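Comments concern the structure below.
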Amino acid sequence: MMMRFALIAGIALGAATTAQAATDIQTVESENGFTAWLAEEHSIPFVALELRFRGGASLDEEGKRGATNLMVGLLEEGSGDMDARGFAAAAESIAANFSYDVGDDAVAVSARFLTETRDEAVDLLRQSLVEPTFSETALERVRAQVLSSIRSDVTDPDTLAAESFAKAAFGDHPYGSPYIGSLESVAALTREDMQTALHNAIAQDRVYVSAAGDITPEELSQLMDDLLSDLPETGAPMPEDVDVQMQGGETVVPFDTPQSTVVFGHEGIARDDPDFFAAYVMNHILGGGGFEARLMQEVREKRGLTYGVYSYLVPKDHGPVYMGRVASANDRVGEAVQVIRDEWARMAEEGVTEEELERAKTYLTGAYPLRFDSNAAIAGILVGMQLDGLDPEYVLTRNDKVEALTVEDINRVAKRLLKPEALHFAIVGQPEGLQEVSAPGQ
Amino acid sequence: MSRIAALIAAACALAAPALAQEDQVTTFELDNGMDVVVIEDHRVPVVVHMLWYRAGAADEEKGSSGVAHYLEHLLFRGTENLEPGEFSEIVAANGGTDNAFTSYDYTAYFQRVAADRLGLMMGMEADRMVNLKLAQEDLDTEREVVIEERNMRVENDPGSLFREQRSAAQFIHHPYGTPVIGWRHEMEQMDLPDVRAFYDRFYAPNNAVLVVAGDVTPDEVRTLANANYGPLHANPDIGPRERVVEPEHLAERRIIMRDARVSQPYVMRSYIAPERDAGDQKKAAALTLLAEVLGGGQTSVLNRKLQFETQNAIYTGAFYDGTSYDDTTFGMAVVPAEGVSLEEAEEALDTAVAEFLEEGVDSEQLDRIKFQLKAQLTYARDDVNNLARRYGAALTSGLTVEDVQAWPQVLQDVTEEDILAAAREVFDRDSSVTGYLMAPEADAQTEQIDSNADAEVGQ
Chain A
163 MMMRFALIAG
173 IALGAATTAQ
183 AATDIQTVES
193 ENGFTAWLAE
203 EHSIPFVALE
213 LRFRGGASLD
223 EEGKRGATNL
233 MVGLLEEGSG
243 DMDARGFAAA
253 AESIAANFSY
263 DVGDDAVAVS
273 ARFLTETRDE
283 AVDLLRQSLV
293 EPTFSETALE
303 RVRAQVLSSI
313 RSDVTDPDTL
323 AAESFAKAAF
333 GDHPYGSPYI
343 GSLESVAALT
353 REDMQTALHN
363 AIAQDRVYVS
373 AAGDITPEEL
383 SQLMDDLLSD
393 LPETGAPMPE
403 DVDVQMQGGE
413 TVVPFDTPQS
423 TVVFGHEGIA
433 RDDPDFFAAY
443 VMNHILGGGG
453 FEARLMQEVR
463 EKRGLTYGVY
473 SYLVPKDHGP
483 VYMGRVASAN
493 DRVGEAVQVI
503 RDEWARMAEE
513 GVTEEELERA
523 KTYLTGAYPL
533 RFDSNAAIAG
543 ILVGMQLDGL
553 DPEYVLTRND
563 KVEALTVEDI
573 NRVAKRLLKP
583 EALHFAIVGQ
593 PEGLQEVSAP
603 GQ
Chain B
868 MSRIAALIAA
878 ACALAAPALA
888 QEDQVTTFEL
898 DNGMDVVVIE
908 DHRVPVVVHM
918 LWYRAGAADE
928 EKGSSGVAHY
938 LEHLLFRGTE
948 NLEPGEFSEI
958 VAANGGTDNA
968 FTSYDYTAYF
978 QRVAADRLGL
988 MMGMEADRMV
998 NLKLAQEDLD
1008 TEREVVIEER
1018 NMRVENDPGS
1028 LFREQRSAAQ
1038 FIHHPYGTPV
1048 IGWRHEMEQM
1058 DLPDVRAFYD
1068 RFYAPNNAVL
1078 VVAGDVTPDE
1088 VRTLANANYG
1098 PLHANPDIGP
1108 RERVVEPEHL
1118 AERRIIMRDA
1128 RVSQPYVMRS
1138 YIAPERDAGD
1148 QKKAAALTLL
1158 AEVLGGGQTS
1168 VLNRKLQFET
1178 QNAIYTGAFY
1188 DGTSYDDTTF
1198 GMAVVPAEGV
1208 SLEEAEEALD
1218 TAVAEFLEEG
1228 VDSEQLDRIK
1238 FQLKAQLTYA
1248 RDDVNNLARR
1258 YGAALTSGLT
1268 VEDVQAWPQV
1278 LQDVTEEDIL
1288 AAAREVFDRD
1298 SSVTGYLMAP
1308 EADAQTEQID
1318 SNADAEVGQ
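These protein sequence lines map, in sequence, to chains A and B. Residue numbers for the first sequence follow the working numbering, beginning at 163 and rising by one. Residue numbers for the second sequence follow the working numbering, beginning at 868 and rising by one.
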């Protein structure tokens, strides 16, 4: 199936439900001191539950790169007295879905289960988080899958571009290397490393909980105590912050393929920075907002140089970046890079127009309530808001904050945030004509 | 591994059996022959408006591959009433998002907006059904865009190139053997006459299915649809879809593709398989369950035999999607473990399937699968976008609303014997394609030597 325009998820603005739905967000405290945000909705007999454990793959210890990723991959591969297939069969027999994922800043656990088998589902989920067995056979099987993935990354242009950019932006910080690990580091990981990674990453002091669907506050409170009380109270300390210091220019990773894949960007802006909001709206106009964004207009709609070009704020907990992506045939990528540079500079110098800002506001305020159209989506948003340090009331004020922004706000932040001289392009492919096109004065 | 799974699943598309409850869905037809499906969900004031045409890449003229998809792009490039790009601008100015997609059997356009903007969306969609107006400059630019899309999706990805080659080998005569995005040399030649011909032939209300899902009532949709789409004239030349029929397959096909960008080799086997037919979905239901039994996750037969009882594979999968206008395929994939050759992986796959046919279906596994399918009916109600897509895809693939609503029960009625019978019928080597995707010889040898370096030291 061919999409006209494959959407790449940018970083959502914390976000929440519509003004009228907002009153439905309840904060639930459990007896043992856990907190959850709940959107109670009883019309469909199931619950979407989201857990986040802050820290994620950046908690990998020195020399153990890939440990958190491998550990998370093993959570559903055997726990309690069940092996991998026993656990899967138990989940299948009650039609519960669990997914375990890892990122730079958090481990994400998502669950969906029917009301009629809620207790069994919570038991299984608890078992996977509290009592994973990390058996030797499971470890070797999942390790082989991870090693295969690492080998595939070596010939994947998207991964190569992302890794090249991350290395340039973050250096030796955990963000600077792929959290999947290297062939060497993953080959050396032991069962003890898995236990350590588990206790480092999955602990009570870093958990965030949300639920949406067919569950009452009392039931959710009990659920949290059942699910989380046996976790260790504290995990590993959070990683250090990193100072992003990009050098402008290009890094070319030679790769024999017809289209060059490009990741570009420089230092970004923290999620809790007072200017983040203005930066978000500015980026929407520059490269984040679909076909109307300047980059899409200039690179795709006017020149046909690409199928898609996007920019997005990545407010990582310990080192925010501002990034973008484009892919263009080897003999055209030089022009695409130049157009992006020019647009970056034009936005920094000229800012946005009144009309552009009005269009962005109409879109952003109108699109806001549309995000909350399912229990699954709402649960994801509520847990994301908690990670971003927002209050439930944010949902009532968010559109007003968008409306309050002025052209002056946007342009001041554009000047502060955009650094055309620091804009770095990691290019994977056989790009032609880069030097000529990007030389000053052309 | 999810990465590998996604890679291969993207090539094969998993069966998706869930459905809405019948009381959620209303259907009717406009006087000009346009079919309408309304799926109600009043939890949030949002609607999805989708217009599906019963025309896709498999309806293109031979020699103009890619035109259905190119036209889909061009529908955003202006009409008698809207400037190029203005359609999406208006959607965005109303807080909505819009997009479109093309497959073999359909082309579909959709917008997600606040419920009170539905009429506006219908008005614009009706406009571009009949008033398309294209400038040569826009045709040229958009041709570059779709070629870059092909670069990104296909040329830059050996797995996608491999899929194209396998499909071309699978279908000897039928257009399912031609890529939806088009062969590159034909894409380069696409221009106004082909586009216009496809548009004039297929874009008409009596060849379209309107699906509206969300916070609306059937009466509201009827009123708005009559006002916006009602005035459009039916095209009297729209008849039954006529496509060439595959000849009998007499020889199994084997392809080997080597590409330096391949790090993880794998083997794919596919067979021609029947699709869901209106009023006759039993065999497709058995094949849907067969794919689950063989390849549906940790407890599946291939996983058990190739990853747990033996360590031949690091990933296995089975794929079947019965929603198709003409005969489709049933596929299986094995990503071998290190040190296992593709020949050995293929042999292990064949052995596993042969054993399965002897041993029969594990009734506990089948019960679990059927329970999950039932649960899907509950989970599906949380996602009306997806429901809208299922109805649209079914109704543009020769099925009726009744077929869609009967499908869950047809799945529940499948027996162990039905599954085995379907497997025996479909697993006919004469209709199969076996494909190996691997790195070039020299590289493969180098890698072999590297990984055996320790063993070779003593020699």
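Every residue, glycine too, gets a C-beta built ideally from N, C-alpha and C. Just so you know, these numbers come straight off a predicted model, no measurement behind them.
Around the beta carbon of Ser261(A), fewer than 16 other beta carbons lie within 10 angstroms, which makes this residue exposed. Within a 10 Å sphere around the beta-carbon of His1100(B) sit fewer than 16 other beta-carbons, which makes this residue exposed. Residues of chain A with a Cβ closer than 7 Å to the Cβ of Tyr1246(B) are, in chain order, Phe208 and Arg274. An exposed status is given to Phe895(B), since fewer than 16 other beta-carbon atoms sit within 10 Å of its beta-carbon. Against chain A, the beta carbon of Ile1181(B) has neighbours under 7 Å at Ala306, Gln307 and Ser310, listed in chain order. Taking a 10 Å sphere around the C-beta of Leu345(A), we find fewer than 16 other C-beta atoms and assign the residue as exposed. For the pair Arg984(B) and Lys1150(B), the Cα-to-Cα distance works out to about 42 Å. At a cut-off of 8 Å between beta carbons, Asp1229(B) makes no contact with chain A. By the C-beta criterion, the region 214-224 of chain A is judged to be in contact with the region 263-277 of chain A, since at least 3 inter-stretch pairs fall below 8 Å. Under the Cβ distance rule, Glu505(A) does not count among the residues neighbouring chain B, no pair being separated by less than 8 Å. Residue Met233(A) holds the alpha-carbon nearest to the alpha-carbon of Val308(A) among Met233(A), Glu278(A) and Asp367(A). Taking the CA atoms as reference points, Leu1254(B) sits about 13 Å from Pro1275(B). Per DSSP, reduced to three states, the secondary structure at Ala257(A) is coil, with no helix or strand assignment.
At a cut-off of 8 Å between C-beta atoms, Arg1171(B) counts as an interface residue with respect to chain A. Residue contact with chain B for Thr515(A): absent (no Cβ-Cβ distance below 8 Å to any residue of chain B). DSSP places Met917(B) inside the beta strand (DSSP E), whose first and last residues are Val913 to Tyr920. For Pro1060(B), the uninterrupted alpha helix (DSSP H) segment begins and ends at Leu1059 to Phe1069. A straight line joining the alpha-carbon of Val1277(B) with that of Thr1155(B) spans about 11 Å. Three or more beta-carbon pairs separated by less than 8 Å link the region 480-494 of chain A to the region 420-430 of chain A, which places the two stretches in contact. Burial check for His204(A): the Cβ neighbour count within 10 Å stays below 16, so the residue is exposed. Of the candidates Val1078(B), Gly933(B) and Ala967(B), the residue whose Cα lies closest to the Cα of Gln891(B) is Val1078(B). Neighbours of Gly1164(B) in chain A, taken as residues at a C-beta separation under 9 Å, are given in chain order as Ala250 and Glu254. The alpha-carbon separation between Arg1030(B) and Met1019(B) amounts to approximately 15 Å. Of the candidates Asn1179(B), Ser955(B), Tyr1096(B) and Gln1056(B), the residue whose Cα lies closest to the Cα of His940(B) is Ser955(B). Around Ala967(B), the same chain offers Glu939 and Tyr976 as residues with beta carbons nearer than 6 Å, after the five sequence neighbours per side are excluded. The beta-bridge partner set that DSSP reports for Phe426(A) consists of Gly486(A) and Phe587(A). In the three-state DSSP reduction, Gly375(A) falls in the strand class (E or B).
In the three-state scheme derived from DSSP, where H, G and I count as helix and E and B as strand, Gln188(A) is classed as strand. Three or more Cβ pairs closer than 8 Å define a contact, and the region 571-580 of chain A falls short of that threshold against the region 316-329 of chain A. Taking 8 Å as the CB threshold, Val316(A) lines the interface with chain B. Taking the beta carbon of Gly528(A) as reference, the chain B residues within 9 Å of it are Ala959, Ala960, Asn961, Gly962, Gly963, Val980, Ala981 and Arg984, listed in sequence order. Within chain B, the residues placing a beta-carbon under 8 Å from that of Gln421(A) are Glu1015, Asn1018, Met1019, Glu1022 and Asn1023, ordered along the chain.
Contacts between Phe1175(B) and chain A, judged by CB atoms closer than 7 Å, involve Arg247 in chain order. Of all alpha-carbon atoms in Asp1188(B), Leu1117(B), Asn899(B) and Asp1194(B), the one lying nearest the alpha-carbon of Ala993(B) is that of Asn899(B). Note that the region 583-595 of chain A touches the region 407-426 of chain A; at least 3 beta-carbon pairs, one per stretch, sit closer than 8 Å.
Annotation: Val443(A) to Val425(A) spans about 21 Å, alpha carbon to alpha carbon.
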